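Down below is the structure, laid out as structure tokens.
Protein chains: 2
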Amino acid sequence: MSELRVHNFTISLDGFGTGVGQAPDAPFGHAGERLHQWMFATRFWADMTGAEGGGTGADHAFAAMHEPGIGAEIMGAGKFGPPGWQDDPEYRGWWGDEPPFRTPVFVLTHRPRPSIEMKGGTTFHFLSASPAEALETAREAAGGKDVRLGGGPSVVRDFLAEGLVDHMHVVQVPVLLGRGVRLWDGLESLEDAFDIEAVSTPSGVTHLTFTAKRR
Amino acid sequence: MSELRVHNFTISLDGFGTGVGQAPDAPFGHAGERLHQWMFATRFWADMTGAEGGGTGADHAFAAMHEPGIGAEIMGAGKFGPPGWQDDPEYRGWWGDEPPFRTPVFVLTHRPRPSIEMKGGTTFHFLSASPAEALETAREAAGGKDVRLGGGPSVVRDFLAEGLVDHMHVVQVPVLLGRGVRLWDGLESLEDAFDIEAVSTPSGVTHLTFTAKRR
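So the sequence lines, in the order shown, correspond to chains A and B.
Under our numbering, the residue at position 127 of the first sequence is numbered 127, and the numbers go up by one with no gaps.
Heads up: take any position in the second sequence, counting from 1, add 215, and you land on our numbering.
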């Protein structure tokens with residue numbers, strides 16, 4: 001069965017997945033790079049960016065789960081570009097000519113536009129759809145593989161609320177952002193639907209994995 | 216130097232230290248006992264309640280730090296009793312005749328009343344005071360020992376915001392309460408003032424310790 005998976009979704013100790021003030025030079029707003037330093041230090045990240053080195057410990061082991069078995073991604077409009085990108089008909093995403101996805105990517109937006117084929121195997125499609133509809137479309141495109149749910153926080157929350165997520169990996173970083181978009185709002189008793197594990201690592205972060213109970 | 220310490224302060228994954236609907240038979244509201252199961256399973260708790268057994272692993276090691284070196288406690292009105300206790304002049308706290316504190320305890324309330332001497336060494340004093348004033352009073356009573364800050368969440372938050380906390384032990388439990396009183400609101404960049412460690416344990420909880428940087 002094709003699963004819906006969330007990977008490397010990083011939040012602050014106070015639960016924010018994104019700060020305030022997102023802009024072309026600030027994809028995470030005032031959070032800056034504080035949420036993702038743990039990932040930049042991994043071999044996973046070095047390999048993805050063509051750099052040398054990177055740790056191969058627990059943070060790497062979790063981070064690398066991002067890749068295998070994925071046939072498509074779903075993301076929110078805020079992950080695709082800064083506020084207002086919909087007003088630029090030439091906008092092609094944060095990632096330059098060759099995005100790292102290398103699969104079909106379904107961008108949820110109330111203002112769909114024609115699909116864009118990028119270098120390296122990524123094609124961006126634009127959908128105005130409910131979570132269940134978007135998942136059905138992405139599953140068809142994934143050809144039997146799993147679908148990754150890329151964020152941001154409100155998109156993950158919407159799919160969780162509808163019971164559509166099979167696996168979720170959340171990384172909690174010991175910083176307090178104070179402001180931004182929370183992951184956990186409105187998800188009371190989410191633990192009833194998942195087996196949850198927590199593992200803290202020497203970098204100071206805590207990895208939380210949520211595995212959906214058989215329904 | 217007498218320190219101000221927070222121990223065994225337990226929150227849900229979504230950051231709530233107390234649920235909604237606190238009442239005489241529900242000190243933590245709809246959270247029930249879900250936040251504190253980890254502690255009930257420790258030798259620390261067994262010893263405190265006169266029971267047998269209890270684990271002596273990491274959860275116990277953290278929990279037991281609650282006791283040594285404490286000369287006084289400060290707590291909010293919501294820790295002393297259910298909503299409305301101020302209307303009952305005979306009310307003497309949640310804990311019966313012999314509360315477990317065995318030191319002076321300063322209860323913050325806008326409606327102070329005469330002090331109450333209990334069995335076993337606990338005396339409840341009632342103060343309408345700012346955090347700094349309350350700490351000064353408690354320090355005098357502690358006779359050179361440390362002062363424990365007992366909660367609830369809004370009281371801990373107020374003392375954190377004023378930079379008065381020297382050590383804080385927070386336990387994060389993998390449940391989502393959805394509603395209640397949050398610990399972390401309004402504490403942006405708290406990490407600048409503390410060295411923070413995270414340790415997850417086999418019970419599934421994560422212990423976070425905050426050690427104030429030398430100021």
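C-beta: ideal position from N, C-alpha, C; glycine also.
Given the structure is predicted, the values throughout are model-derived calculations rather than measurements.
With its beta carbon at least 7 Å from every one in chain A, residue 226 of chain B lies outside the interface. The DSSP-derived three-state label of residue 167 of chain A is strand. Between the alpha carbons of residue 93 of chain A and residue 81 of chain A lies a gap of roughly 5 Å. Collapsing the DSSP output to three states places residue 60 of chain A in a helix.
Annotation: the segment 392-422 of chain B contains the following complete segments of the beta strand (DSSP E) (minimum length 3 residues), in chain order: 409-415.
In the displayed model, residue 373 of chain B falls within a helix according to three-state DSSP. Shown here, residue 265 of chain B sits in coil according to DSSP, grouped into three states, outside any helix or strand.
The secondary-structure analysis by DSSP pairs residue 352 of chain B with nothing; it has no beta-bridge partner.
Distances from the alpha-carbon of residue 371 of chain B to those of B:393, B:360 and B:397 put B:397 closest.
By the Cβ criterion, the segment 385-402 of chain B is in contact with the segment 420-430 of chain B, since at least three pairs of Cβ atoms, one from each stretch, lie closer than 8 Å. Around the beta carbon of residue 264 of chain B, fewer than 16 other beta carbons lie within 10 angstroms, which makes this residue exposed. Of all alpha-carbon atoms in A:151, A:37, A:124 and A:46, the one lying nearest the alpha-carbon of residue 141 of chain A is that of A:124. Between residue 162 of chain A and chain B, the shortest Cβ-Cβ separation is not below 7 Å.
Rounded to the nearest angstrom, the gap between the Cα atoms of residue 31 of chain A and residue 262 of chain B is 44 Å.
Shown here, residue 5 of chain A sits in a strand according to DSSP, grouped into three states. Counted as a single uninterrupted DSSP element, the stretch harbouring residue 118 of chain A is not any beta strand (DSSP E), since DSSP gives it neither H nor E.
Secondary structure at residue 259 of chain B: helix, using DSSP grouped into helix, strand and coil.
For residue 79 of chain A, the closest alpha carbon among the candidates A:59, A:60, A:38 and A:154 is that of A:154. Put simply, the backbone Cα of residue 328 of chain B is about 54 Å away from that of residue 58 of chain A. In terms of CA proximity to residue 76 of chain A, A:130 leads the group A:103, A:130, A:212 and A:68.
Interface annotation, residue 250 of chain B: not in contact with chain A, CB-CB separation never under 7 Å.
The beta carbon of residue 248 of chain B is closer than 8 Å to those of 255 in its chain, skipping five residues each way along the sequence. Judged by DSSP in its simplified three-state form, residue 55 of chain A adopts strand. For a cut-off of 8 Å, the C-beta gap from residue 427 of chain B to residue 408 of chain B is around 6 Å, short enough to register as a contact. In the DSSP annotation of this structure, residue 152 of chain A is not part of any beta strand (DSSP E), being labelled neither H nor E.
Residue environment analysis places residue 349 of chain B among the buried positions, since at least 16 neighbouring C-beta atoms fall within 10 angstroms of its C-beta.
Close partners of residue 399 of chain B in chain A (Cβ separation under 9 Å): 12, 13, 14, 15, 176 and 178. Residue state for residue 39 of chain A is assigned as helix, using DSSP reduced to three classes. Secondary structure note for residue 286 of chain B: its beta strand (DSSP E) is the uninterrupted segment 285-291. Taking the CA atoms as reference points, residue 378 of chain B sits about 9 Å from residue 405 of chain B. For the pair residue 66 of chain A and residue 22 of chain A, the Cα-to-Cα distance works out to about 24 Å.
Only residues of its own chain outside the window of five on either side were considered, and among them 254, 266, 269 and 278 have a CB closer than 8 Å to the CB of residue 260 of chain B, listed in chain order.
Under the Cβ distance rule, residue 415 of chain B counts among the residues neighbouring chain A, one pair being separated by less than 7 Å. In the DSSP assignment, residue 231 of chain B falls within the beta strand (DSSP E) that extends over 231-233. Shown here for residue 120 of chain A: same chain residues with a beta carbon closer than 6 Å to its own, the five before and five after excluded, namely 98 and 102 in chain order. Around residue 419 of chain B, the beta-carbon contacts reaching into chain A at under 9 Å are 196, 197 and 198.
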